[in-house]
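Residue numbers (our numbering): 5 to 196. Just so you know, even glycine gets a beta-carbon here, dropped at the ideal spot from N, CA and C. Worksheet: one structure, shown below.
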Amino acid sequence: KTGIMVGDVSGKGMPAALFMAKTVSDFRFHAKQEHDLPCAIRDLNDQMATDTTAGLFVTMAYVVFDTNAKTYRVVDAGHLPLVVAHKDAETELVKIKGGMALGIMEGMDFYETGSNFKAGDVFVMYTDGVSEARNTKKEEYTEERLKEVVSRCKDKDASGIKDYIYNDLRKFIGKAPQHDDITIMVVKTTGD
């Protein structure tokens, strides 16, 4: 099994960076201790909500791939939909009901969804610096556009897909200033 997490902290500067570093460390601990994804995220949230006094919070998506069973599971904590481009089917945005950002309030429930995957399926995780990037006309890039771009390049390898998305994003933004960080993670499954 392989787990991948993408998170985005509220705020800017050193306090936000330190808060995210602590969150990553705490996440690793909880992910190793608890193999039930929603429980691991719930435990992490409870710790963060108890520890934090700075008013910061983190959105997070956590995906675990089981290469033997050919399944994936995803839990969402106020983050963005996972883009799944199936090799032989339509690309989808995997949204999970519920799931508040981490560190706001103790006792929150988190939920998971998942499915089977096939060789050649593509999974894209990203931050809102991608979907909310704006061009000079103040138009946003959007999750739907990202989904369409991933559909067009899903036959490339993971690095090629990431580059294709990033180049399309930069072209869309043009000369507009970048207002948020940009994170793109791509997983492409292999094997039979």
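- By the Cβ criterion, the stretch 82-101 is in contact with the stretch 153-171, since at least three pairs of Cβ atoms, one from each stretch, lie closer than 8 Å.
- Take E147, set aside five residues on each side of it, and the residues of its chain with a beta-carbon closer than 7 Å to its own are L84, P85, L97 and S135, in chain order.
- Closest option to L60, judged by alpha-carbon separation, among M24, D47, N171 and A93: M24.
- Excluding five sequence positions before and after E144, the CB atoms of its chain that fall closer than 8 Å to its own CB belong to S135, E136, A137 and R138, given in chain order.
- Annotation for T27: the continuous alpha helix (DSSP H) segment containing it runs G17 to Q37.
- DSSP lists V79 as the beta-bridge partner residues of E116.
- When the beta-carbon positions are compared, E116 and V78 come within less than 9 Å of each other.
- Considering only M52, D159, K26 and P181, the residue with the shortest C-alpha distance to M104 is M52.
- Counting along the chain, K175 sits inside the alpha helix (DSSP H) bounded by residues A162 to I177.
- In the pairwise beta carbon analysis, the stretch 121-132 is classified as touching the stretch 157-175: at least three pairs are separated by under 8 Å.
- Around the beta carbon of K151, 16 or more other beta carbons lie within 10 angstroms, which makes this residue buried.
- Residue pairing by DSSP places K151 opposite no residue, since no beta bridge is assigned to it.
- Residue pairing for V88: DSSP places it in a beta bridge opposite E96 and F127.
- A distance below 6 Å between beta-carbons, with the five flanking residues on each side excluded, links I177 to the following residues of its chain, in chain order: A137 and N139.
- Apart from the 5 residues on each side of it in sequence, M109 sits with its Cβ closer than 7 Å to the Cβ of A53 in its chain, given in chain order.
- Note that the C-beta distance between T27 and G7 is not below 9 Å.
- Secondary structure of G133 (DSSP, three-state): helix.
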